[in-house]
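Trainee:
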Amino acid sequence: MDKIAIGVVGAGAMGSGIAQIAAQNGHDVFIYDTQVEGLERSKSGLTKITNRLEEKGRIPSAKDVLARIQFVDNLKQLAGCGLVIEAIIESVDAKKSVFSLLESMVSAEAILATNTSSLSIASISAAVKSPERVLGIHFFNPAPLMPLVEIIPSLTTSEQTTRQAKELIDSWGKTTVIAKDTPGFIVNRVARPFYSESIKMLEEGVADLATIDWALEELGGFRMGPFKLMDLIGHDVNYVVTETVWAQFYYDPRFKPSITQKRLLEAGLLGRKTGRGFYSYAEDSEPPEPNKDPVLGQYIVDRVLALLINEAYDAVFMQIGTEQDVDLAMTKGVNYPKGLLEWSREIGVSTSLERLQDLYSEFQDDRYRPNPLLKKMAKAEK
Ligand SMILES: NC(=O)c1ccc[n+]([C@@H]2O[C@H](COP(=O)([O-])OP(=O)(O)OC[C@H]3O[C@@H](n4cnc5c(N)ncnc54)[C@H](O)[C@@H]3O)[C@@H](O)[C@H]2O)c1
2 MDKIAIGVVG AGAMGSGIAQ IAAQNGHDVF IYDTQVEGLE RSKSGLTKIT
52 NRLEEKGRIP SAKDVLARIQ FVDNLKQLAG CGLVIEAIIE SVDAKKSVFS
102 LLESMVSAEA ILATNTSSLS IASISAAVKS PERVLGIHFF NPAPLMPLVE
152 IIPSLTTSEQ TTRQAKELID SWGKTTVIAK DTPGFIVNRV ARPFYSESIK
202 MLEEGVADLA TIDWALEELG GFRMGPFKLM DLIGHDVNYV VTETVWAQFY
252 YDPRFKPSIT QKRLLEAGLL GRKTGRGFYS YAEDSEPPEP NKDPVLGQYI
302 VDRVLALLIN EAYDAVFMQI GTEQDVDLAM TKGVNYPKGL LEWSREIGVS
352 TSLERLQDLY SEFQDDRYRP NPLLKKMAKA EK
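According to my numbering, the sequence shown is numbered sequentially starting from 2.
(1) With respect to 7 Å, is the separation between the Cβ of M225 and the closest non-hydrogen atom of ligand 1 below this value?
(2) At 3 residues or longer, and completely inside the region 14-79: list those beta strand (DSSP E) runs for me, N to C.
(3) Just checking, does the region 202-215 make contact with the region 243-258 on the three C-beta pairs under 8 Å criterion?
(4) Are three or more beta carbon pairs between the region 301-321 and the region 212-232 nearer than 8 Å?
(5) Can you tell me the Cα-Cα spacing of G58 and N52, whole angstroms?
(6) Measuring alpha carbon to alpha carbon, tell me which of D3, I153, M106 and T245 ends up nearest D326.
(7) Say the cut is 7 Å; is the CB of S118 nearer than that to a heavy atom of ligand 1?
(8) Taking 7 Å as the limit between beta carbons, can you name the residues of its chain near E290, skipping five residues before and five after?
(9) Say whether chain C places a C-beta atom closer than 8 Å to the C-beta of M225.
(10) From V37, V10, Y314 and V242, pick the residue whose C-alpha is nearest to that of L113; which is it?
(11) Any heavy atom of ligand 1 closer than 7 Å to the Cβ of E91?
(12) Under three-state DSSP, which class holds V350?
(13) Under 8 Å between the Cβ atoms of S199 and F228?
(14) How would you write the range of the beta strand (DSSP E) that L375 sits in, first residue to last?
(15) Cβ-heavy atom distance between D232 and ligand 3 below 7 Å?
(16) Given this structure, state the Cα-to-Cα distance separating P338 from R368, to the nearest angstrom.
(17) What whole-angstrom Cβ distance do L329 and T115 have, given they're in contact under 8 Å?
(18) Specify, as a first and last residue, the run of the alpha helix (DSSP H) that E151 falls within.
(19) Using the DSSP secondary-structure output, state which residues sit across from A114 in a beta bridge.
(20) Is it the case that the Cβ atoms of A111 and G137 are separated by a distance below 8 Å?
(21) Report back the beta-carbon spacing between F389 and L79 to the nearest angstrom; my notes put them in contact at under 8 Å.
(22) May I have the straight-line CA-CA distance separating G340 from S172, to the nearest angstrom?
(23) When burial is assigned at 16 or more other CB atoms within 10 Å of the CB, is S108 buried or exposed?
(24) Would you tell me roughly how many angstroms separate the C-alpha atoms of F72 and A6, rounded to the nearest one?
(25) Hey, would you say the C-beta of T35 is under 7 Å away from at least one heavy atom of ligand 1?
(26) Tell me where the beta strand (DSSP E) around I7 begins and ends.
(27) Considering only the beta carbon of each residue, do G334 and M202 sit closer than 8 Å?
(28) Quick check: what's the CA-CA separation for G386 versus N75?
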């Protein structure tokens, strides 16, 4: 059977990466953007990347991959696609108007997907007459390198759409997990405390940036400390995701953003891309030295991990994903050294619970309230 053609709307960072994956997997790809410069940038970027892959022997021919990708300036050219993945700006109105236009152009069997990180799939689906063919297919950045893809059916998505989309993305060698259409899906929900609890410790004066990053990298085994990672992601993106998740959860204190990070955003200190965020990236700047006190380091790791584990249990408890998918999501989507549920069993579930209870009694803040499933599992462990 011939492979379906894949449409991509939005030729930015994510759209270009998704186009590359689809073309490397033998699909004809049509990538559309409203900005001609966007298309040009995508084309030259993909040319560079695929040539490099060919040089390294990772793909047989860059020319073949590029020949499969058409850069188009009219959405109608996506009419023959069996799957269209939208990756335009994160605006519900813009996305809805793309979906309603697309619906009138593609065949009745075509699947329409959004790569949104923070909007509800339900709200985007509402723009079309046949919402059973709409779902979320959420890639991580950089899409060609990150193995995880969250598949997010909404209330109105048909089982067939979900199955077909999952099978296709699996066939591209990605690890897929099914996530419920709730704020942040799995990864962007469970990961919040990695950032927020680290900033909170900084604000409380528990330790400085470099020490918190050192502890989570060296003692926690995370690939990159939270402050370095936030600077890399950019505070415009990272803060906005936190604030959106918090607002969508009706201001649950567990997801509360931090003023410290908001100030960086307001000052335009967005991280690496502006030369300064939590750290300075000026050429003459010396990176600050961490305090390598092992007791302090372990306190930092234990505190962040207790909150992450609590969120992982909450995601399972609230049926956002299965236990297996929640663990897979965090190892394959954000490179955590271990799945959080697995990690909790290694530490001892009751130890994780006690740490949270200690934090709760110290701060009397609902962000530390232990999840009922964590409590149940701690009891069962005993
Ligand atoms: N960057 C990430 O880390 C990341 C990760 C996962 C998901 N996402 C999501 O993917 C989507 C795209 O993000 P990005 O980082 O690639 O953004 P980007 O800014 O790099 O690219 C967006 C592109 O969409 C184009 N565009 C805007 N409106 C359009 C329209 N109406 N029709 C066609 N093209 C239009 C822009 O010209 C631009 O080229 C967003 O929904 C974002 O939340 C981003």
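Ideal placement from N, C-alpha and C gives every residue a C-beta, glycine not left out.
Mentor: On the basis of the data shown:
(1) Along the sequence shown, one-based indexing puts residue 225 at 224. Closer than 7 Å to some heavy atom of ligand 1: that does not describe the Cβ of M225.
(2) Whole beta strand (DSSP E) segments, 3+ residues: 30-33 and 70-73.
(3) Look at the beta carbons and you see the region 202-215 not touching the region 243-258: under three pairs across the two are nearer than 8 Å.
(4) Counting Cβ pairs under 8 Å, three or more are found: they touch.
(5) Taking the sequence shown and counting its residues from 1, the one referred to as residue 58 is at position 57. Taking the sequence shown and counting its residues from 1, the one referred to as residue 52 is at position 51. Straight-line Cα distance between these residues: approximately 10 Å.
(6) Here residue 326 refers to the residue found at position 325 when the sequence shown is read from its first residue. Residue I153 is the option with its Cα nearest to D326.
(7) The residue labelled residue 118 in the question sits at position 117 within the sequence shown. Distances between the C-beta of S118 and the heavy atoms of ligand 1 include at least one below 7 Å.
(8) Locating residue 290 in the sequence shown gives position 289, counting from the first residue. Closer than 7 Å at the Cβ level, and outside the excluded window around E290, lie A211.
(9) No chain C is part of this structure, which consists of one protein chain only.
(10) Taking the sequence shown and counting its residues from 1, the one referred to as residue 113 is at position 112. Selection V37, V10, Y314 and V242 evaluated against L113 yields V10 as nearest (Cα-Cα).
(11) For the purposes of this step, residue 91 is taken as the residue at position 90 of the sequence shown. Checking every heavy atom of ligand 1 against the Cβ of E91, one is found closer than 7 Å.
(12) Stepping through the sequence shown from its first residue, residue 350 is reached at position 349. When DSSP states are grouped into helix, strand and coil, V350 belongs to the helix group.
(13) The residue given as residue 199 occupies position 198 in the sequence shown. The residue given as residue 228 occupies position 227 in the sequence shown. Yes, Cβ-Cβ distance for S199 and F228 is below 8 Å.
(14) Start at 1 with the first residue of the sequence shown, and residue 375 comes out as number 374. According to the DSSP assignment, L375 belongs to no beta strand (DSSP E) but to the alpha helix (DSSP H) extending over P373 to E382.
(15) Looking at this structure, you won't find ligand 3 anywhere; what it does contain is ligand 1.
(16) The residue labelled residue 338 in the question sits at position 337 within the sequence shown. The residue labelled residue 368 in the question sits at position 367 within the sequence shown. Straight through space, the alpha carbons of R368 and P338 are spaced by roughly 24 Å.
(17) Residue 329 sits at position 328 when you count from the first residue of the sequence shown. Residue 115 sits at position 114 when you count from the first residue of the sequence shown. The Cβ separation is near 22 Å, so there is no contact.
(18) Counted from its first residue, the sequence shown places residue 151 at position 150. Bounds of any alpha helix (DSSP H) do not take in E151; it lies within the beta strand (DSSP E) bounded by L149 to P154.
(19) Residue mapping note: residue 114 aligns to position 113 of the sequence shown, counting from 1. Answer is I86 and L136.
(20) In the sequence shown, counting from the first residue as 1, residue 111 sits at position 110. In the sequence shown, counting from the first residue as 1, residue 137 sits at position 136. The Cβ atoms of A111 and G137 lie no closer than 8 Å to each other.
(21) One cannot answer for residue 389 here, as it falls past the ends of the chain, which runs 2 to 383.
(22) The count along the sequence shown starts at 1 and reaches residue 340 at position 339. The count along the sequence shown starts at 1 and reaches residue 172 at position 171. For the pair G340 and S172, the Cα-to-Cα distance works out to about 24 Å.
(23) Stepping through the sequence shown from its first residue, residue 108 is reached at position 107. The residue is exposed, with fewer than 16 neighbouring Cβ atoms inside 10 Å.
(24) Counting from one through the sequence shown, the residue named residue 72 turns up at place 71. Counting from one through the sequence shown, the residue named residue 6 turns up at place 5. Using only the alpha carbons, I get a separation of about 13 Å.
(25) The residue you call residue 35 lines up with position 34 of the sequence shown. Within the cutoff, so yes.
(26) The count along the sequence shown starts at 1 and reaches residue 7 at position 6. Looking at the DSSP string, the run of the beta strand (DSSP E) that includes I7 is I7 to V10.
(27) Within the sequence shown, numbered from 1, the residue matching residue 334 stands at position 333. Within the sequence shown, numbered from 1, the residue matching residue 202 stands at position 201. No, the pair does not count as a contact, with Cβ atoms beyond the cut-off.
(28) Coverage of the chain is limited to positions 2 through 383, which leaves residue 386 absent and any answer about it impossible.
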